[in-house]
Amino acid sequence: MHRGIRTSSSIPDAITDADLIVLAVKPQNCPKVYEEIRRARSLTSDPSSGVNLKEDAALLSVIAGKPIASYLNGTGLTKIARSMPNTPAQIGRGMTVWSCTSAINAEERDKIRQVLCSFGKAIYVEDESFIDMSTSISGSGPAYIFLLMEAMIDAGVHMGFSRDTATTLVHHTLLGSTLFAMETGEHPAVLRNSVTSPAGTTASAIYELENGKFRTVIKDAIWACYRRSLEMGGHDSNVGPGRPNVEPTVETLKEALEETFDQHSFVPPPPTSTTGSGKSSILKEAPPGEMVLDDETNGDGGKK
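In numbering that gives the first Met the number 0, the protein residues as written are 0 to 303.
Below you can see the structure in the form of structure tokens.
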């Protein structure tokens with residue numbers, strides 16, 4: 000046990016006299032936690048319970064997908080801060096986006112900001128919807144980088160490097176490239192072009208990446224992550240490229256069908272006639288007073 004850390008056997012005991020409650024559980028476990036916080040509120044009115052949930056206690060969530068409204072309705076607390084950190088926070092290099100309710104005053108915001116900045120960089124947003132967006136970039140982003148890292152290391156091993164050497168090459172390439180981009184402030188395209196010589200090795204590699212729709216796959220993955228974050232929060236995920244902005248209604252579907260029929264009008268087949276031999280023939284235009292029949296069987300035409 001670390002110095003200054005007190006453990007508890009129950010949630011009501013753990014949050015007793017707390018000014019800030021940090022909620023860091025799996026989203027599916029939230030209902031049970033909400034129930035325990037509500038129980039702590041009821042036990043607070045009983046002095047013999049030893050439980051005291053402060054009325055002005057603030058709750059800081061680091062759970063993906065759960066909107067602020069969920070905590071307001073589930074716990075009965077009014078001071079709610081929602082954040083989305085990422086795994087590099089474990090080494091003090093995290094990236095966190097957060098927002099909070101208006102019930103949290105400026106002093107309390109500063110304290111929450113200090114907590115979040117203790118494990119990396121934190122950005123505050125007024126609009127909570129940006130947290131779901133950030134989940135798809137910074138929240139889940141490390142997984143995309145690790146997948147790229149894994150692929151580059153495996154390629155190095157395949158070419159003949161030892162895994163340790165390939166790993167060192169890739170780690171420092173990604174680290175150095177990131178620091179270089181941050182320090183120069185240049186657009187990534189400018190930095191990429193500075194490495195890419197005409198008809199060179201990098202140009203050949205970039206060609207393969209572009210030909211394999213590397214950009215599109217990355218962007219589609221980020222949109223998919225964003226949609227899933229919205230779904231987990233109970234919001235409409237029908238957003239992004241190729242998705243209508245509103246749910247279709249009976250009226251809009253009817254209009255779409257009518258427009259389709261207008262664009263592909265039904266053209267009836269030409270009239271047919273049966274010859275004396277029982278063969279079906281198609282009536283064709285002829286000079287006035289005459290009729291031309293085309294025999295479907297042999298294609299022979301004639302005046303009748």
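Heads up, the beta-carbon is just placed ideally off N, CA and C, and yes, glycines get one too.
(message) By alpha-carbon positions, which one of 151, 23, 200, 174 ends up nearest to residue 70?
(response) 23
(request) Please say whether residue 65 and residue 16 have beta carbons closer to each other than 9 Å? (result) no
(request) For residue 50, name the three-state secondary structure that DSSP assigns. (result) coil
(message) Please report the distance separating the alpha-carbon of residue 175 from that of residue 168.
(response) 10 Å
(message) Three Cβ pairs or more, each shorter than 8 Å: is that satisfied between the region 140-159 and the region 81-88?
(response) yes
(message) According to DSSP, is residue 25 part of a helix, a strand, or is it coil?
(response) coil
(request) Specify, as a first and last residue, the run of the alpha helix (DSSP H) that residue 124 falls within. (result) No alpha helix (DSSP H) contains residue 124, which DSSP labels as neither H nor E.
(message) Can you check which of these residues, 38, 21, 92, is closest to residue 80 by C-alpha distance?
(response) 21
(request) Classify residue 134 as helix, strand or coil using the three-state DSSP reduction. (result) helix
(request) Round the Cβ separation of residue 58 and residue 31 to the nearest angstrom and send it over; I've been treating them as touching at under 8 Å. (result) The pair is not a contact, with the Cβ atoms about 15 Å apart (cut-off 8 Å).
(request) Quick one: give me the first and last residue of the alpha helix (DSSP H) that residue 204 is part of. (result) 200-210
(request) Give a yes or no on whether the C-beta atoms belonging to residue 147 and residue 173 are separated by under 9 Å. (result) yes
(request) Locate the alpha helix (DSSP H) running through residue 218, then write down its first and last residues. (result) 213-231
(message) I need the DSSP call for residue 96, collapsed to helix, strand or coil.
(response) strand
(request) Using beta-carbon positions only, say whether residue 96 and residue 61 come within less than 9 Å of one another. (result) no
(request) In the DSSP assignment, find the alpha helix (DSSP H) that holds residue 110 and state where it starts and stops. (result) 105-116
(request) Mark residue 282 as exposed unless 16 or more other C-beta atoms lie within 10 angstroms of its C-beta, in which case mark it buried. (result) Residue placement at residue 282 is flagged as unreliable, the pLDDT there being 49, under the threshold of 50; the coordinate-derived value follows with that caveat. By the neighbour-count rule (16 or more Cβ atoms within 10 Å), residue 282 is not buried but exposed.
(request) Please report the Cβ distance between residue 83 and residue 122, rounded to the nearest whole angstrom; I am assuming they are in contact, meaning their Cβ atoms lie under 8 Å. (result) 10 Å between Cβ atoms; not a contact.
(request) For residue 65, name the three-state secondary structure that DSSP assigns. (result) coil
(message) For the alpha helix (DSSP H) containing residue 79, name the first residue and the last one.
(response) Residue 79 -> not in any alpha helix (DSSP H); beta strand (DSSP E) instead, spanning 78-83.
(request) Tell me whether the beta-carbon of residue 98 lies closer than 9 Å to the beta-carbon of residue 126. (result) yes
(message) Judging by CA-CA distance, which residue of 48, 226, 231, 240 is the nearest neighbour of residue 132?
(response) 226
(message) Considering only their Cβ atoms, is the gap separating residue 56 from residue 12 smaller than 9 Å?
(response) no
(request) Tell me whether the beta-carbon of residue 215 lies closer than 9 Å to the beta-carbon of residue 205. (result) no
(message) Using only the alpha-carbon positions, how far apart do residue 155 and residue 223 sit?
(response) 30 Å
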